[in-house]
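Here's the structure we're looking at; comments come further down.
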Amino acid sequence: MTDATMNIGMLARVTGVSADGHRVYFDLRNGKSGWFDQDGDDFSTGDVILLSGEGPGQRADRVDADAWPDDLWVGVVRIKLDDVTVIEASGRHRMVPTRADVAYEVGNTVEAGEVQGVVRVLSNEPIKYIDLPAIDEEVVNRFRTEGSADGQLTFDDFGGLSSVVERARELIELPLQRHEELATIGARAIKGVLFTGPPGTGKTMLARIIAAQADAAFFEISGPEIFSKWYGQSEELLRRIFDAAAKDERAIIFFDEIDSVAAHRDDDAHEASRRVVAQLLTLMDGFDSTSNVVVIAATNRPQDLDVALRRPGRLDWEIQFPLPGVEDRLDILIKTARKLQTLDPLPHKFVAAKTDGWSSAELAAIWTEASLLAVADDRSAIFVEDYLGGFERVERQRERIGNRPAKAGSAA
Ligand SMILES: Nc1ncnc2c1ncn2[C@@H]1O[C@H](COP(=O)(O)OP(=O)(O)OP(=O)(O)O)[C@@H](O)[C@H]1O
Ligand SMILES: [Mg+2]
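Under numbering that gives the first Met the number 0, the first residue of the sequence shown is numbered 0, with each subsequent residue one higher.
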């Protein structure tokens, strides 16, 4: 707060007067505030004044209240009395003076200002706003899957990529399970691991398996969903999920498709996305040493991530999921076939050799197509011809969407 003499010539609005009526407090347009001692004047709260500062009693002149440029906003008239009007704007109720020269009534959507009151009617109908559901425990629990639930996948279901699996267990499962020992040693806790790699390389699948194996609570948040379904409440939702996770003995928060939220926070970035990233950073920085939570975030566009998310103590560990090599593909085909009825032996080696550049998800899709073929021909198990037919169908789909094998020569 400054003495009024520093602000000569500026427009101010009186925000209060001391009990003895002597000292006048005011706000300036630039958001700063100040005071002066009045002598003879009788300013009161709400007066708009011009600071002049010429001798005692001449330090300010009252000017027309309309001289104070008002910030205008949009709202719906809820109550209209002779002297005041209550307007609901941005979920809050604001009280403004009622003015006689503008005709409006309850239910109108209006443009208004704190000092000017209603300036004009924009619509006779109330503007519709989305009724936001409350975020309670039940909502938070919808994001949670218990690690020990039945039918969970295990590491045995995950084919190939053994070094990826090993590194993930080391960075996530071990710290969750040996939290106290690591704290005793004084190691800096691993808070965030980023899974990167092309679509369908098992990022989501491995995150779920680790949660189940580590007997950790698993919260899964999808980037796009947090914006569509939880628009306007995403920050609150994140905060509640992090709170809940911190209370668990061990927990993983899995943030899928984080790039949809955490693109560079440049000028183009949507304000809402900026706020969600800021909230995520605050929450990750806020973990204390007693909480046993690891955040896993997955993306196939790591280059788009805000660099602030990659700083130490945040998502500073990265595991890259490559497309599977031939040995990986063989293992994936064998493992994804295990839960199916098949007439063995099946030509896994042949298919593995023919699927250079395929993702794990595309390999798994062969079985869906093969099962359809088997059922269409009244077979109760997948035969060689179904398997090969399934392979060809997925191959054709890949070609249609332009997902041709990475290396020439294998597309025969
Ligand atoms: N290593 C694997 N072993 C067996 N099946 C796998 C493997 N990786 C992926 N799959 C199969 O592919 C499906 C899709 O994988 P997942 O959703 O984990 O990929 P993703 O990397 O998360 O992809 P996206 O980037 O598109 O989200 C899985 O549900 C599973 O059926
Ligand atoms: Mg995924």
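Even for Gly, the Cβ is constructed at its ideal location relative to N, Cα and C. Treat the numbers as computed from the prediction; the structure is a model and nothing was measured.
Distance cut-off 8 angstroms: residue i Cβ against heavy atoms of ligand 1
i      : result
Asp413 : The structure shown does not extend to residue 413, since the chain spans only 0 to 411, so no value can be given for it.
Leu304 : no
Phe412 : Residue 412 is absent from the model: the chain starts at 0 and stops at 411.
Leu362 : yes
Phe157 : yes
Lys338 : no
Gly199 : yes
Ile225 : no
Leu345 : no
Leu160 : yes
Option in the options with minimal Cα separation from residue i
i      : options                        : result
Asp258 : Ser290, Pro301, Phe286         : Pro301
Glu326 : Arg313, Thr341, Pro311, Trp357 : Trp357
Ile251 : Gln232, Gln176, Val260, Arg273 : Gln176
Thr144 : Ser290, Glu124, Leu371, Phe217 : Phe217
Ala11  : Ser17, Arg58, Lys79            : Arg58
Val292 : Val139, Ala215, Asp40          : Ala215
Gly15  : Leu339, Leu304, Gln37, Gly8    : Gln37
Leu314 : Met94, Arg93, Val276, Trp34    : Val276
Trp67  : Ala102, Gly30, Leu80           : Gly30
Ser446 : Arg273, Asp40, Lys202          : The structure shown does not extend to residue 446, since the chain spans only 0 to 411, so no value can be given for it.
Leu308 : Ala373, Gly196, Leu282         : Leu282
Gly285 : Phe241, Ile225, Ser162, Ala18  : Phe241
Ala351 : Leu342, Leu339, Ile365         : Ile365
Gln212 : Phe154, Gly312, Pro198, Ser162 : Phe154
Val138 : Ile225, Asp82, Ala99, Thr354   : Ile225
Thr97  : Ile7, Asp81, His21             : Asp81
Classification of residue i by the beta-carbon crowding that lies within 10 angstroms, buried from 16 upward
i      : result
Ala363 : buried
Thr84  : buried
Lys190 : buried
Gly106 : exposed
Thr44  : exposed
His178 : buried
Glu256 : buried
Asp46  : buried
Leu237 : buried
Arg91  : exposed
Sequence-distant residues of its chain with Cβ nearer than 8 angstroms to residue i (five each side left out)
i      : result
Ile331 : Gly158, Gly159, Pro323, Ser359, Leu362, Ala363
Leu181 : Pro174, Ala188
Ile78  : Thr84, Val85, Val105
Close beta carbons around residue i, own chain, < 7 angstroms, minus the five adjacent residues each side
i      : result
Asp69  : Gly112, Glu113, Val114, Gln115
Gly196 : Lys202, Asn299, Gln319, Phe320, Pro321
Leu121 : Val73, Thr108, Val109, Glu110
Ile134 : Gln232, Glu235, Leu236, Arg239
Leu71  : Glu110, Ala111, Gly112, Val118
Ser17  : none
Val23  : Val13, Val16, Trp34, Phe35, Gln37, Phe42
Cβ-based neighbour list, residue i, same chain, cut-off 6 angstroms, excluding 5 preceding and 5 following
i      : result
Phe254 : Ile220, Ala296
Arg397 : none
Arg392 : Glu368
Leu371 : none
Trp229 : Leu236
Any non-hydrogen atom of ligand 2 closer than 8 angstroms to residue i Cβ
i      : result
Ala297 : yes
Thr195 : no
Thr203 : yes
* the segment 156-172 contacting the segment 201-213, beta-carbon criterion three pairs below 8 angstroms -> yes
* To do: May I ask you to verify whether the segment 338-356 touches the segment 380-388, counting CB pairs closer than 8 angstroms and requiring at least 3?
  => yes
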